[in-house]
Amino acid sequence: MRVKYVLNEVLVGLWRNVTMTVAMIITMSVSLTMLGASVLMYMQVDRMKDFYYGEIEVSIFLVDNAEAGQVAALEEKLKSNPLVKESKHETKEEALERFKVLYQDSPDFVNAVNADSLPESFRVKLKNPEDYDKFAQDVKGDAAIQRIIDQRELLQKVFNIFNSVQLMSLVVAAVMAFAALLLVGNTIQVAAYSKRREVAVMKLVGASNWFIQAPFVLEAVVAGLVGAILGFGALFIGKIVLLDNKLQALTAILTPVPNGNVVLMLPLLAGVGAVVSAGTAWITLRFYLKV
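In case it helps, full-length UniProt numbering puts the sequence shown at residues 1 to 291.
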């Protein structure tokens, strides 16, 4: 009987302040969507690092007048280096063929370049990309080497951009979450004020604090859960419509977002939405109703 009464009061309370309830749900859904997007981006950046760091190469460009003996000695030195996973010698002609593939959409640019314009090089994969500094010290000073480029430095700049976007998303989510907390507290205050006489009567007849607070707290929890479901729906639709279709070429470069990661956001957002809403409602009631 008590459970039925509490649930009935929850439905009545949500309908009685329907406009504020809708506003609370929308604000909560927006903040949770931003939170979910930030968490997904964080997971995706880690996934991209694992993928691309495994494909990182160190490019060793040779001087134009490198002799065959110098090139052969450097190749043997690379193969015997314990830090090297594999190395590949690329001639000027092979570099030109790779250049044509990379810039096949710009034929005029390709026609302006010949084999002599590109340097001979070695493409080296390290067992651990973090050992680049130690590897560079091992080969530094070789007469055949003109320049050494670590692709990790280039990728790190890209990851720094993603990390900045991730941080901005978290900041926006935090601001929206704060707005949602204020709205939840305000909605609970209005609901409690509209039922102040009923609350006073229940206190006089000895109703427990839990029995009085439960309908208000559950109102906030319901709003938080609905907002979480809407936020998850926005993330899932965005993934299907944008990442899997319109931006498919981009996700092919940045690595696809697994459906499992998106589905994982549903319990996360539901838990955060319910706990935050319930906590805010309980604290508001403690200060407002003094029960």
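Note that CB positions come from ideal geometry on N, CA and C, so glycine has one too.
Keep in mind it's a predicted model, so treat the numbers as computed, not measured.
Buried versus exposed call for D64 [16 or more other C-beta atoms within 10 Å across all chains shown]: Here residue 64 refers to the residue found at position 64 of the sequence shown. It is exposed - the Cβ of D64 has fewer than 16 other Cβ atoms within 10 Å.
Distance between P256 and A37 (C-alpha atoms, nearest Å): Sequence index remark: in the sequence shown, residue 37 carries index 37 (1-based). Sequence index remark: in the sequence shown, residue 256 carries index 256 (1-based). Taking the straight line joining both Cα atoms gives about 15 Å.
CA-to-CA distance, E76 to S121, given in whole angstroms: Along the sequence shown, one-based indexing puts residue 121 at 121. Along the sequence shown, one-based indexing puts residue 76 at 76. Going by the C-alpha atoms only, they are around 14 Å apart.
I56 to D150 span [Cα, whole Å]: The residue labelled residue 56 in the question sits at position 56 within the sequence shown. The residue labelled residue 150 in the question sits at position 150 within the sequence shown. Answer to the nearest angstrom: the Cα atoms are 8 Å apart.
Length of the line joining the Cα atoms of K140 and L74: Walking along the sequence shown from the start, residue 140 turns up at place 140. Walking along the sequence shown from the start, residue 74 turns up at place 74. Straight across, the Cα-Cα distance linking K140 with L74 is about 11 Å.
Terminal residues of the alpha helix (DSSP H) in which D133 lies: Counting from one through the sequence shown, the residue named residue 133 turns up at place 133. Y132 to V139 is the extent of the alpha helix (DSSP H) around D133.
At least three beta-carbon pairs within less than 8 Å, the stretch 27-36 to the stretch 260-273: Per the Cβ contact rule, the stretch 27-36 is in contact with the stretch 260-273 (3 or more Cβ pairs under 8 Å).
Boundaries of the beta strand (DSSP E) in which K87 is found, first to last residue: Stepping through the sequence shown from its first residue, residue 87 is reached at position 87. Here residue 87 is Ser; the residue named in the question, Lys, does not match the sequence. Boundaries of the beta strand (DSSP E) around S87: V84 to E90.
Contact set for Y5: own chain, Cβ-Cβ below 8 Å, skip 5 residues either direction: Your numbering for residue 5 matches position 5 in the sequence shown. Any reading at Y5 must be qualified, since the residue scores a pLDDT of 49, below 50, and its modelled position is unreliable; no value is offered.
Selected residue, minimal CA-CA separation from L126, among L78, E94, L118 and Q156: Start at 1 with the first residue of the sequence shown, and residue 126 comes out as number 126. Measuring C-alpha to C-alpha distances from L126 to each of L78, E94, L118 and Q156 identifies L78 as the nearest.
Nearest-angstrom Cα separation, counted from I25 out to T284: For this step, residue 284 is matched to residue 284 along the sequence shown. For this step, residue 25 is matched to residue 25 along the sequence shown. Answer to the nearest angstrom: the Cα atoms are 18 Å apart.
Beta-carbon gap between A174 and G224 smaller than 8 Å: Here residue 174 corresponds to residue number 174 of the sequence shown, with the count starting at 1. Here residue 224 corresponds to residue number 224 of the sequence shown, with the count starting at 1. Contact flag unset, no.
Residue of E219, I161 and A143 minimising C-alpha distance to A68: Looking up residue 68 in the sequence shown gives position 68. Ranked by Cα distance from A68, the first of E219, I161 and A143 is A143.
Environment of Q166 [buried if 16+ CB atoms lie within 10 Å]: As a working mapping, residue 166 is identified with position 166 in the sequence shown. Burial call: buried.
The alpha helix (DSSP H) enclosing L74, as first and last residue numbers: Residue mapping note: residue 74 aligns to position 74 of the sequence shown, counting from 1. It spans A68 to S80 - the alpha helix (DSSP H) in which L74 sits, taken as one unbroken run.
Which of helix, strand or coil DSSP assigns to V291: Translated into positions along the sequence shown, residue 291 becomes position 291. In this prediction, V291 has a pLDDT of 45, which is less than 50 and means its spatial position is unreliable; what the coordinates show is noted afterwards. In the displayed model, V291 falls within coil according to three-state DSSP, outside both helix and strand.
Bounding residues of the beta strand (DSSP E) (the contiguous stretch that carries K125): On the sequence shown, residue 125 is found 125 positions in, with the first residue counted as 1. Taken as a continuous stretch (DSSP letters only), the beta strand (DSSP E) holding K125 covers S121 to L126.
Beta-carbon proximity list for A177, same chain, < 6 Å, skipping 5 on both sides: As a working mapping, residue 177 is identified with position 177 in the sequence shown. So the qualifying residues of the chain are S31.
Alpha-carbon to alpha-carbon, K49 and S29: Indexing the sequence shown from 1 puts residue 29 at position 29. Indexing the sequence shown from 1 puts residue 49 at position 49. The straight-line gap separating the alpha-carbon atoms of S29 and K49 is approximately 30 Å.
Reference residue 304, options Q44, Y42, D46 and W282, closest by Cα: Lying before the first or after the last residue shown, residue 304 is absent from the chain, which here runs from 1 to 291.
Presumed contact (8 Å Cβ cut-off) between N163 and V45, rounded CB distance: Residue mapping note: residue 163 aligns to position 163 of the sequence shown, counting from 1. Residue mapping note: residue 45 aligns to position 45 of the sequence shown, counting from 1. In this structure, N163 and V45 form a Cβ contact; the two beta carbons are roughly 7 Å apart against a cut-off of 8 Å.
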